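Peer 1:
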Amino acid sequence: MTVTSPPRRTAVVLAILTAGVAAVLAPASPATAADGPAPPPREHRIIAGVHTDAVSTFLDDGRLALGSKADVDEGNGTRFAADDIRFHLAGDAELTVPAGYEFLAPSGSRVWIAPESNPGAGRLWPGFSTESTPAGDTTFVLTALDGPGRLELFTSAGFGGVKRLWSSSDGPKSFTVGRTHMHANWAFTAAGTYRIGVRATMTVSGERQSADATYTFVVGPLPSATATVTTLTAGATSVVAGDRVTLDATVTPAGAGGYVEFLDGSAVLGHAAVSGGGAGLAVTTLPLGSRSLTARFVPHVLNEFGRSASEPVGVTVTEKPGGEVFAIAGLADRYRAGEQIDLRFIGATVPGGHQAWWLLRPAGQSTEYLVGTGDRYTRDATVALDGADIKVQIVDAANKAVQETAYRGLHVDGPNIGSGEKVTVTGMGDSYYNGDPVRVTVAHRALTAGETGRWVNRFLPSATTWDETNEWSAPKRIGDAYLIDTSWLNQVEWAYEIVAADGAVIGRSPALTSTIRNRELQLSGIRTVYRAGDTLQAASELYPARGGVSYEWALAEGNDLVPIPGAVSSSLELPVTADLDGRTLYLSVTDAATGHHVGGAQQRLRVTDAAPGDQLLFLDSLSGHYHQGNTIRLKASADPVASDTDTYRWLWKRPDQSDFATIEKATTATHEVRAEQALDGTQVKAELRTAGGELLATSEPSTIHVDDHGAAPQQKVTVEQAAGSDRVTATVSPASVLTRWEWHVQRRGADTAQPAPGQHGSSLTLSAADDGASVFARLTFDDGRTYAESAPIVVHVDGSTQPGDPALSVSGLNDGEYQPGDTVTVQAVQTPQGPLTAYQWFAKRPGTAAFEPVTGETSAAYSFTATRDLHGTELLVKLYDGETVAATSPAVTLTVAAPPQGSDAAKTVTATISETEGALVISVAPGDRDVTLPAAALSSAGDRWESSGALKPVTVTDTRSGGPGWTASGQVAGGFRTEGGAAFPGSYLGWAPTVVAQADRQCVQAGPVAVPSVPGRPGTGLGDSAVLATAPAGAGRGTARLDAELRLSVPTDTAAGAYTGTLTLTAI
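Under mature numbering (1 follows the signal peptide of the UniProt record, and there is no 0), read the sequence shown as residues -33 to -1, 1 to 1035, first letter to last.
(1) With 16 other CB atoms within 10 Å as the buried threshold, where does leucine 337 fall?
(2) Between threonine 637 and histidine 18, what straight-line distance do the alpha-carbon atoms span, to the nearest angstrom?
(3) Determine, using beta carbons only, whether arginine 571 and glycine 549 come nearer to each other than 9 Å.
(4) Ends of the beta strand (DSSP E) at tryptophan 325?
(5) Taking just the CA atoms, how far does glutamate 631 sit from lysine 643?
(6) Is phenylalanine 272 near alanine 192, with beta carbons less than 9 Å apart?
(7) Looking at the structure shown, is aspartate 836 part of a helix, part of a strand, or coil, going by DSSP?
(8) Would you call the stretch 97 to 104 and the stretch 825 to 844 in contact, with 3 or more CB pairs under 8 Å?
(9) Can you check DSSP and say which residues form a bridge with glutamate 435?
(10) Roughly how many angstroms lie between the CA atoms of glycine 222 and alanine 21, to the nearest whole one?
(11) When you compare only the Cα positions, how much space is there between glutamate 946 and tyrosine 1026?
(12) Find the nearest neighbour of residue 1040 within the set Asn43, Asp137, Gly67, judged by alpha-carbon distance.
(13) Which residues in the same chain as histidine 150 place their Cβ atom closer than 6 Å to its Cβ, once the five residues preceding and following it in sequence are excluded?
(14) Using 9 Å as the threshold, is the C-beta distance between isoleucine 163 and leucine 118 below it?
(15) Quick one: measure Cβ to Cβ for glutamate 1012 and serine 915, integer angstroms, because I've assumed they're closer than 8 Å.
(16) Answer yes if the stretch 639 to 657 comes into contact with the stretch 581 to 595, meaning at least three C-beta pairs across the two stretches below 8 Å, and no otherwise.
(17) Using DSSP with H/G/I as helix, E/B as strand and the rest coil, what is tyrosine 182?
(18) For valine 699 versus leucine 746, is the C-beta spacing smaller than 9 Å?
(19) With DSSP collapsed to three states, give me the class of threonine 557.
(20) With a cut-off of 8 Å on the beta carbons, I'd call alanine 299 and glycine 314 a contact; round off their distance for me.
(21) Please identify the residue among Val292, Asp749, Pro975 whose C-alpha is closest to the C-alpha of valine 207.
(22) Please check the pair glutamate 335 and arginine 328, which I expect to be a contact at CB under 8 Å, by giving their CB distance rounded to whole angstroms.
(23) Spatial neighbours of glycine 474 within its chain, please: C-beta separation below 6 Å, excluding the five flanking residues on both sides.
(24) Quickly, what does DSSP pair methionine 149 with across the bridge? List them, please.
(25) Go ahead and label histidine 55 buried or exposed: buried means 16 or more other beta carbons lie within 10 angstroms of its beta carbon, across all protein chains shown.
(26) Taking the alpha carbon of serine 555 as the reference point, which residue from Glu540, Ser536, Asp546, Ala545 has its own alpha carbon closest?
(27) Considering only the alpha carbon of each residue, which of Glu41, Ala111, Leu1009, Arg944 lies closest to threonine 1021?
(28) So what's serine 830 in DSSP terms, helix, strand or just coil?
(29) What would DSSP say about glycine 58, mapped onto helix, strand or coil?
(30) Is it a yes or a no for the stretch 732 to 747 touching the stretch 662 to 676, going by three-plus beta-carbon pairs under 8 Å?
(31) Could you have a look at glutamine 800 and say whether DSSP puts it in helix, strand or coil?
(32) Name the residue from Arg175, Thr143, Asp501 whose alpha carbon lies nearest to the alpha carbon of alanine 605.
(33) Using 10 angstroms around the beta-carbon of glycine 988, count the other beta-carbons present and answer buried if the total reaches 16, otherwise exposed.
(34) Considering only residues of the same chain and omitting the five flanking positions on each side of threonine 200, which have a CB-CB separation below 6 Å?
(35) For threonine 862, which of Asp836, Ala853, Lys845 has the nearest alpha-carbon?
(36) Work out the CA separation of glycine 1005 and arginine 927 for me, nearest whole Å.
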């Protein structure tokens, strides 16, 4: 060992001043309230079941930053801020600590590990990345840990050992890497939430920079947000308008972070931050009336605390002390149709320049209708008002509400009844399509001299009185019936009246209503662009179809429609002239018998002024919209006509796609596509190309619309797994234009299904760890939105045997037959017998396609009673390491037959492994025999020359029988000398031993730190024998690799020179 000391020079003392940061804690002042709603809550993204560079460095405008990257749906390596995400290490990461890993926890304890090597789809694989920063060393420091247990970060080392990188207890707190992407084992000793403080330090453009971040790992079950409870109290419950009302909210638990919104009904009065479990707001603007006030807790983070709302607190606000409450008076709980509704409001004075509005909201609607003004609302009750809500607003000159009552419900029991003398109208249906004939008859007594009959109507819900129909809406009498135009039926009440000579109504029929729906009229065949001289060919389709209609095509001319002579069928041929450019083509469909409007459609025309001979490509127009299952006919027309060798190329772009994509196998002027909802909003265009691929022309795009009026997609997804296969396949029927899939796997013991990262094909390859998992597939748009989803299936995967894995077989089954009632006992046999003891038995009965787990049978032995229906049943057993299948036995078949009764049999198999005497050897590789420490440097105190370096690996191999244990130690007994004779003792050299690697069943422990001898401080360094490592009895057999950090500390008056000493290593 050689130590180089620098020439003697004057010592310089560097004083380091550490500034303390004082935190002054004082009682919190009341939170400041603010107008309007609270800031929206955040929700941490859960990163689970994917590859992630959890700790990643970035360079933002030349400054070092810490964050994370993850392979998520947005793309692999998507960047996240550490505060915005939570890493979820699921329950299937729980493992048993083997011997030799006691630095994690005692052998046999349970820990949760995110592994260094890829754990496969559906499991978290966190790592580190410095790839986004310049080349150079980066040091990662564990600065803090807040959690229910300890964190150990380590990597695998040679000969089965480990290299510890971080330890939240007694191990290392930092490690240094170059520009790299790496993974390590993250071990957590308890389930729960961990907040891990990390600091990264590196040199950027010659400047030493650091960045800090806190990373959150949730280990085990993902906890749901903590439920909260919010209560509200008001400083007063009866006040005069303008009085101050103090509102105080309490949120439990008291540690819940967020805001409280204070509401009057649905209107937000303001918000305040929660402090110490409380928040308050003072208001002076409560409107008149009985106010229903609530407090609503809005958490900072939805993952941590749930929303909650208080029970309502009533506060009455009046114009003067003891005054009436602003409210609607005269409202009955229920009305019978025909009764009079007579409402007024009380408790409010309408100031000058203001007025009172009566607003009504029909049942099932959000629209408010002005139904009256003034201090009263009166109307006869009909079933059209049942379920409606009514309120009063007082509005200013600008029609801005300054006061309003709460909504009150109107409830009317039918049926509608008439008034006065009996009048009956029959024949009106509940609903019609627009333009359908509505024929009704009227019955009443014979009219006397001076009496007349008339039709009346009123608009719903705004009109309160009946008006006689006008010349446009009046039904036409045809014989004994009346024909009503459906255009006047929608949201209108109708009745027939008998009127006396003096105008008095002496009889009215019950009010009549009907719902009117529209037919769809679709145009097709119209090109996007024409040349003058072309022929426009258009077709139409009415949906739902009906006969007895007339067609009329027309062209817009200014504000008028000019019919096209002779264009009175469902299709049109029209010579194209230049003046058609920019004009709109209309089609009107009417009932042939009544002339009532059935439907209409229009399309704007374009006529190009391109020179003759310029190659153009036009698309025939598409229907206004299609329904699922319709055929979409795409047609392109070339002008001049395409040659026989020209080819077409069709392209489309759905709303979820950024670029046009080629439609496969579409190479002619026409192409047909089955309509599905995934195509709604898709743009389509065509290209004309020569045989050599040269582009001649491109059409303008057209848009496909598919609308099934809220119906779900017809596509259904199924997944299946062939017997014995490690692959599941998804199919969709009917076929879809979508090709992107998402696979979700919920492994045994996991709380939720996790997406399989990067798996977007129609099949998924399973691993042994997926055995018994629930798997489903989603067909998605390219932007990740779900289109259709399969039902889940349970998959079965045989574990593949690796070198060193046990073989598994089933014993105990009779070679012959069992009789019904016999006890059948089968036994799982490991060869060789290993430490794993978690089993699951599976059975496949005749006629079933797959093995199913036998509920509750998780031990090595499985006993049951033979029955005839079990004849031919196949049995197998699987051995588990945590949630991973370690081995699967071949299947055995049970035979149950008639007597004679069989007999039980059992075998015991004993395996003996011989031992030899062996030896204990300590060795150093030839290339590691010489250790040269760096040139010594002055200590921070300026009183010592110091240097440090690595010992380089030392190997101890113990093959002795009996396992007596061993101790490896070292000593520099002869001290250090230069060639000139200068010397210092071996006690000036110390070490900090480490165990680099050890065998699975070893329990090698590093020796204590040997501190260099310094006057006034304890420590003898390596001047005396110092322990490098020990192995207790029974835990030393195998090979261990040891190392140590060497530290040299000599007085400043030590002569300059190169010093050499001999370190003697022994193992006993």
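Glycine included, C-beta positions come from ideal geometry on N, C-alpha and C. A quick note: this is a predicted structure, and the numbers were derived from the prediction, not measured.
Peer 2: Reading off the structure:
(1) The residue in question, leucine 337, is exposed, as its Cβ has fewer than 16 Cβ neighbours within 10 Å.
(2) For threonine 637 and histidine 18, the distance between alpha carbons rounds to 46 Å.
(3) Taking C-beta atoms as the reference points, arginine 571 and glycine 549 count as a pair closer than 9 Å.
(4) In the DSSP assignment, tryptophan 325 falls within the unbroken beta strand (DSSP E) covering 322 to 328.
(5) The residue asked about is misnamed: residue 643 is glutamate in this sequence, not lysine. Cα to Cα, glutamate 643 sits roughly 17 Å from glutamate 631.
(6) Their beta carbons are under 9 Å apart, which means phenylalanine 272 touches alanine 192 by this criterion.
(7) Reduced to three states, the DSSP call for aspartate 836 is helix.
(8) By the Cβ test, the stretch 97 to 104 is not in contact with the stretch 825 to 844, since fewer than three Cβ pairs between them sit closer than 8 Å.
(9) DSSP links glutamate 435 through a beta bridge to Val423.
(10) So the two alpha carbons sit approximately 28 Å from each other.
(11) Cα to Cα, the separation comes out at about 8 Å.
(12) Residue 1040 is absent from the structure shown; the chain starts at -33 and stops at 1035.
(13) The beta carbon of histidine 150 sits closer than 6 Å to the beta carbons of Glu83, Gly94 from its chain, once the five residues preceding and following it are set aside; these are given in chain order.
(14) Yes, they are a contact pair.
(15) The C-beta distance from glutamate 1012 to serine 915 rounds to 6 Å, short enough to meet the 8 Å contact threshold.
(16) Yes, the stretch 581 to 595 touches the stretch 639 to 657.
(17) In the structure shown, tyrosine 182 adopts extended strand secondary structure according to DSSP, grouped into three states.
(18) Contact: yes.
(19) In the structure shown, threonine 557 sits in a strand (DSSP, three-state: E or B).
(20) Wrong, their Cβ atoms sit about 19 Å apart, outside the cutoff.
(21) Comparing Cα-Cα distances from valine 207 to each of Val292, Asp749, Pro975, the minimum goes to Val292.
(22) Between glutamate 335 and arginine 328 the beta-carbon gap is near 5 Å, inside 8 Å, which marks them as a contact.
(23) Residues Gly387, Glu388, Val390, Ile465 of the same chain have their beta carbon placed closer than 6 Å to that of glycine 474, with the five preceding and five following residues left out of the count.
(24) Methionine 149 is bridged by DSSP to Phe95.
(25) Label assigned to histidine 55: buried.
(26) With distances taken between CA atoms, serine 555 lies nearest to Ser536 out of Glu540, Ser536, Asp546, Ala545.
(27) Measuring from the Cα of threonine 1021, the nearest candidate turns out to be Arg944.
(28) Secondary structure at serine 830: strand, using DSSP grouped into helix, strand and coil.
(29) Of the three classes helix, strand and coil, the one that applies to glycine 58 here is helix, per DSSP.
(30) Too few Cβ pairs lie closer than 8 Å, so no.
(31) Note: glutamine 800 maps to coil in three-state DSSP.
(32) Ranked by Cα distance from alanine 605, the options Arg175, Thr143, Asp501 are led by Asp501.
(33) So glycine 988 counts as buried.
(34) Contacts found: Asp215.
(35) Considering only alpha carbons, the answer is Asp836.
(36) Their Cα atoms are separated by approximately 9 Å.
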